[in-house]
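Numbering (UniProt numbering), first residue to last: 1 to 607.
Some notes on the structure that comes next.
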Amino acid sequence: MNFNFHRSKFIIFLVIPSSLIVALIFIFLKLPSSPPADGNINCHQINLPYQNPTLPIDQRVTDLMNRMTDKEKIGQMVLVEKNSIHGLNDITQYNLGALLSGGGAGPKQDTPLAWLQMINTFQSAAKETCLGIPLLYGIDAIHGHGNVLGATIFPHFIGLGATRDPDLVKRVAKATAEEMAATGIYWNFAPNLDVAKDIRWGKTYETFGSDPDNVAQLGVAYLEGMQDSLNGYFNVLANPKHFIGGGDMEYGTSRNKKFKIEEGNITIDEKTLRQVHLVPFQKTITARARVIMVSTASWQGKINSDNYYLLTELLKNELGFSGFIVSDWYGVYQIETNKYNSLVRAVNAGIDMVMTPFEYKDFISNIQEALSNGDIKKERIDDAVKRILTVKFETGLFDRPQALPEGLSVISNDQHREIAREAVRKSQVLLKNKNSVLPLSKSLKKILVAGSSADNLGRQAGGWTTEWQGIDGNYGILGTTILEAIKNTVSRDTEVEYNEKGDFFTDNFSDVGIVVVGEKPYAEGWGDIANPSLSSEDLLTIEKVKAKSKKLVVIIVSGRPLNIKEYAKNWDGIIASWFPGSEGQGVADVLFGDYAFTGTLPVNWEL
Ligand code: GLC
1 MNFNFHRSKF
11 IIFLVIPSSL
21 IVALIFIFLK
31 LPSSPPADGN
41 INCHQINLPY
51 QNPTLPIDQR
61 VTDLMNRMTD
71 KEKIGQMVLV
81 EKNSIHGLND
91 ITQYNLGALL
101 SGGGAGPKQD
111 TPLAWLQMIN
121 TFQSAAKETC
131 LGIPLLYGID
141 AIHGHGNVLG
151 ATIFPHFIGL
161 GATRDPDLVK
171 RVAKATAEEM
181 AATGIYWNFA
191 PNLDVAKDIR
201 WGKTYETFGS
211 DPDNVAQLGV
221 AYLEGMQDSL
231 NGYFNVLANP
241 KHFIGGGDME
251 YGTSRNKKFK
261 IEEGNITIDE
271 KTLRQVHLVP
281 FQKTITARAR
291 VIMVSTASWQ
301 GKINSDNYYL
311 LTELLKNELG
321 FSGFIVSDWY
331 GVYQIETNKY
341 NSLVRAVNAG
351 IDMVMTPFEY
361 KDFISNIQEA
371 LSNGDIKKER
381 IDDAVKRILT
391 VKFETGLFDR
401 PQALPEGLSV
411 ISNDQHREIA
421 REAVRKSQVL
431 LKNKNSVLPL
441 SKSLKKILVA
451 GSSADNLGRQ
461 AGGWTTEWQG
471 IDGNYGILGT
481 TILEAIKNTV
491 SRDTEVEYNE
501 KGDFFTDNFS
511 DVGIVVVGEK
521 PYAEGWGDIA
531 NPSLSSEDLL
541 TIEKVKAKSK
551 KLVVIIVSGR
561 PLNIKEYAKN
571 WDGIIASWFP
581 GSEGQGVADV
591 LFGDYAFTGT
601 LPVNWEL
């Protein structure tokens with residue numbers, strides 16, 4: 001029998017017509033066809049269930065996932081730094097689901113409009129994908145939308161920790177969310193829930209401090225303020241981080257030779273880990289945390305991104321966390337030198353989205369290989385993608401229109417600046433007040449002002465401001481320096497003389513000398529230091545002003561306590577100002593007594 005002849009007749013008269021009939025059924029009934037492995041035949045359709053905002057989210061997720069190819073699913077699991085994208089078409093071609101701006105990674109022209117246009121351009125490329133799944137775009141707006149020049153810059157978390165005021169922190173978060181949403185960015189890598197135990201850590205100022213209850217209470221307030229919205233969707237997605245225990249990393253254990261603590265090892269036992277570091281995460285999960293970022297720390301020698309017990313058994317199963325887990329900057333690839341193995345271990349441990357943040361093509365091919373050879377099960381991929389898509393729907397990404405230029409007017413508006421000013425004054429901690437030198441009178445005859453941080457918005461703001469490591473200077477940051485605030489507050493008859501280095505050539509003594517000193521901006525491991533203290537230049541400035549003043553007040557602008565023990569006895573007044581941000585007027589509010597000092601230390605400061 002000529003099998004070939006009969007086989008071809010069989011194909012012509014039976015197989016082709018029946019497969020055509022089946023395809024027609026799927027197309028006309030719009031039933032989600034089970035997509036072929038490498039290509040989706042149902043592209044750019046409209047009025048599908050997942051596109052219908054009146055349907056329950058779980059139905060929309062199911063419908064969408066049934067339409068997705070493996071490639072489209074894997075594209076949802078990678079988080080790429082926007083400067084690593086080789087071309088807009090890659091977003092479409094590789095079905096990328098999430099981008100981020102690393103610290104300072106903005107458009108060429110750093111204006112709110114340019115940010116909005118950049119984000120909308122990325123989203124348009126995502127809309128060109130077969131199923132038009134919108135991007136989640138994340139950023140570290142950890143003290144206001146700090147990457148954007150012109151945004152309101154709030155005190156860093158260490159200062160908010162000193163306020164112990166959940167209502168205020170909620171309003172700070174809400175104002176931050178409004179400025180972020182105006183630029184089309186709906187994912188904030190905040191709140192930081194690390195419980196800081198070692199002030200030598202560069203990330204200390206990103207935390208609410210060392211008291212777990214204060215961290216938990218303010219973390220919940222921040223998350224609620226960030227996510228609250230009127231229409232049922234999250235306004236901006238909050239992202240508690242870094243799970244878990246980073247505040248207890250030990251000095252000198254960093255995997256990174258440039259750092260001392262960041263990316264270090266935690267050796268505390270599980271009981272301590274739960275009692276101190278888990279509480280803030282438990283409370284924010286109850287308050288509807290939907291994304292949690294894993295720390296690059298190791299616990300008892302095992303990198304957190306590789307820890308199935310922490311991520312799946314504890315976070316997902318025991319605490320019932322049903323959102324998605326995202327890894328932190330390159331943390332997955334530090335598991336082992338082989339990148340394929342690192343990815344397999346991280347995804348199987350419970351990571352749902354990998355902040356690669358650079359090699360997205362390798363990520364996709366590695367995960368495809370792991371899926372096809374069974375190193376990662378389809379169920380794990382589907383679980384991760386289901387979590388991610390659910391959160392995207394909850395954040396309204398499929399349903400809200402693109403942000404428009406008219407909305408940018410909310411950035412740095414009076415209401416936000418007033419909230420920031422309130423946060424500044426409530427964060428000031430009075431460390432010493434010998435003979436009640438403070439508050440100062442507004443009608444003093446003469447005040448000398450000096451110091452490296454007196455007229456420097458970049459130092460007031462600290463890291464994560466326009467640039468990852470911040471900027472030392474004013475450089476276009478909108479705000480009020482502490483010097484300007486002093487001048488704004490005193491009477492017309494008061495003479496204010498300023499010299500940054502304290503070189504005053506007056507013969508008579510001033511009533512008061514105010515010296516504003518502290519730390520230069522820094523971020524993360526670059527701020528790890530053995531002995532946080534004042535520079536010799538700052539100490540010399542203080543001495544020079546003291547020699548010309550009846551009373552001396554020192555204002556310390558820093559991300560943490562500094563070692564001033566041997567000098568503080570010579571100063572009359574000392575104020576911990578932390579990194580107050582753009583609204584320096586809030587410092588003058590308490591310096592001259594319009595408001596009382598109410599801030600309390602969020603971490604221990606030995607004087
Ligand atoms: C950083 C930080 C993390 C931040 C992330 C994205 O390395 O550890 O807090 O959110 O990368 O910038």
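Glycine residues also receive a C-beta, built at the ideal position from the N, C-alpha and C atoms.
This structure is a prediction, so every number in the text was calculated from the model and none was measured.
Terminal residues of the continuous alpha helix (DSSP H) containing residue i?
{"i": "V172", "result": "166 to 182"}
{"i": "M226", "result": "212 to 227"}
{"i": "F157", "result": "157 to 163"}
{"i": "A523", "result": "Unbroken run through A523: none, as it is neither H nor E."}
{"i": "V385", "result": "378 to 394"}
{"i": "H143", "result": "No alpha helix (DSSP H) holds H143; DSSP gives it neither H nor E."}
{"i": "V424", "result": "414 to 427"}
{"i": "A568", "result": "565 to 568"}
{"i": "A370", "result": "360 to 372"}
{"i": "A346", "result": "339 to 349"}
{"i": "H497", "result": "Residue 497 is actually Glu in this sequence, not His. E497 -> not in any alpha helix (DSSP H); beta strand (DSSP E) instead, spanning 495 to 498."}
{"i": "V326", "result": "Counting along the chain, V326 falls outside any alpha helix (DSSP H), though it belongs to the beta strand (DSSP E) covering 324 to 326."}
{"i": "S536", "result": "536 to 546"}
{"i": "K487", "result": "482 to 489"}
{"i": "L457", "result": "457 to 461"}
Going by DSSP, what residue range makes up the beta strand (DSSP E) through residue i?
{"i": "M68", "result": "Per DSSP, M68 belongs to no beta strand (DSSP E) and is neither H nor E."}
{"i": "A450", "result": "446 to 450"}
{"i": "L116", "result": "Here L116 belongs to no beta strand (DSSP E); instead the alpha helix (DSSP H) covers 112 to 127."}
{"i": "V276", "result": "Looking at the DSSP string, V276 is not in any beta strand (DSSP E), and its letter there is neither H nor E."}
{"i": "G573", "result": "573 to 576"}
{"i": "I292", "result": "291 to 294"}
{"i": "I555", "result": "549 to 557"}
{"i": "V587", "result": "No beta strand (DSSP E) holds V587; the alpha helix (DSSP H) holding it covers 585 to 591."}
{"i": "L88", "result": "From DSSP, L88 is part of no beta strand (DSSP E) but of the alpha helix (DSSP H) over 88 to 93."}
Between residue i and the ligand GLC, is the CB less than 7 Å from at least one heavy atom?
{"i": "W187", "result": "no"}
{"i": "D328", "result": "yes"}
{"i": "L100", "result": "yes"}
{"i": "D194", "result": "no"}
{"i": "D140", "result": "yes"}
{"i": "G103", "result": "yes"}
{"i": "H242", "result": "yes"}
{"i": "E224", "result": "no"}
{"i": "E467", "result": "no"}
{"i": "K270", "result": "Note that residue 270 corresponds to Glu in the displayed sequence, not to Lys. Flag unset: Cβ of E270 not near the ligand GLC."}
{"i": "E524", "result": "yes"}
Check each candidate in the options and name the one with the smallest Cα separation from residue i.
{"i": "G150", "options": "H416, R345, Y205", "result": "H416"}
{"i": "T296", "options": "S327, V279, P602", "result": "S327"}
{"i": "residue 609", "options": "V354, P112, L389", "result": "As shown, the chain starts at 1 and ends at 607. That puts residue 609 outside it, with no answer to give."}
{"i": "M180", "options": "F234, R274, I364", "result": "F234"}
{"i": "T541", "options": "G161, E178, D503", "result": "D503"}
{"i": "K316", "options": "A289, T92, P191", "result": "A289"}
{"i": "R425", "options": "I376, A162, E81, P240", "result": "A162"}
{"i": "Q428", "options": "I158, M65, E495", "result": "I158"}
{"i": "A196", "options": "E206, F189, A190", "result": "E206"}
{"i": "D383", "options": "Y50, N89, E270, Q76", "result": "Q76"}
{"i": "Y522", "options": "E270, P280, A461", "result": "A461"}
{"i": "W559", "options": "I447, Q469, N341", "result": "Inspection of the sequence shows that residue 559 is occupied by Gly rather than by Trp. When only C-alpha atoms are compared, the closest one is Q469."}
{"i": "D248", "options": "E262, R255, S453", "result": "E262"}
{"i": "Y137", "options": "G586, A485, S342, Q402", "result": "Q402"}
Less than 8 Å between the CB atoms is what I'm expecting for residue i and residue j, so what's the real figure, rounded?
{"i": "L116", "j": "P405", "result": "6 Å"}
{"i": "V410", "j": "F324", "result": "That belief does not hold up - the Cβ atoms of V410 and F324 are roughly 29 Å apart, past 8 Å."}
{"i": "G525", "j": "K258", "result": "6 Å"}
{"i": "E583", "j": "R421", "result": "4 Å"}
{"i": "T489", "j": "A588", "result": "4 Å"}
| So does the region 212 to 229 actually touch the region 587 to 597, counting three or more Cβ pairs closer than 8 Å? | Contact between the region 212 to 229 and the region 587 to 597 is absent: fewer than three C-beta pairs spanning the two stretches fall below 8 Å.
| query | Does the region 389 to 399 come within contact of the region 562 to 573, defined as at least 3 CB pairs closer than 8 Å? | reply | Fewer than three beta-carbon pairs drawn from the region 389 to 399 and the region 562 to 573 are found closer than 8 Å, and the two stretches are therefore not classed as touching.
| message | Does the region 266 to 274 come into contact with the region 299 to 307, if we say contact requires no fewer than three beta-carbon pairs (one atom in each stretch) closer than 8 Å? | response | Taking 8 Å as the limit for Cβ pairs, the verdict is that the region 299 to 307 does touch the region 266 to 274.
| said: Pairs of beta-carbons, one from the region 192 to 212 and one from the region 598 to 605, closer than 8 Å: are there three or more? | reply: Contact between the region 192 to 212 and the region 598 to 605 is established, with three or more Cβ pairs separated by less than 8 Å.
| request: Inspect the CB distances between the region 503 to 519 and the region 185 to 201 and report whether three or more fall short of 8 Å. | output: No, the region 503 to 519 does not touch the region 185 to 201.
| said: Is it the case that the region 168 to 183 contacts the region 428 to 441, given that we only count it when at least three CB pairs across the two stretches are under 8 Å? | reply: Taking 8 Å as the limit for Cβ pairs, the verdict is that the region 168 to 183 does not touch the region 428 to 441.
| said: Quick check: the region 64 to 75 against the region 100 to 113, are at least 3 beta-carbon pairs closer than 8 Å? | reply: No, the region 100 to 113 does not touch the region 64 to 75.
| task | Decide yes or no for the touch test of the region 43 to 56 against the region 365 to 385: beta carbon pairs closer than 8 Å, at least 3 of them. | result | The region 43 to 56 vs the region 365 to 385: no contact.
| said: Closer than 8 Å is the cut-off here; do at least three beta carbon pairs connect the region 126 to 133 with the region 548 to 562? | reply: Judged by Cβ distances under 8 Å, the region 126 to 133 makes no contact with the region 548 to 562, as fewer than three pairs qualify.
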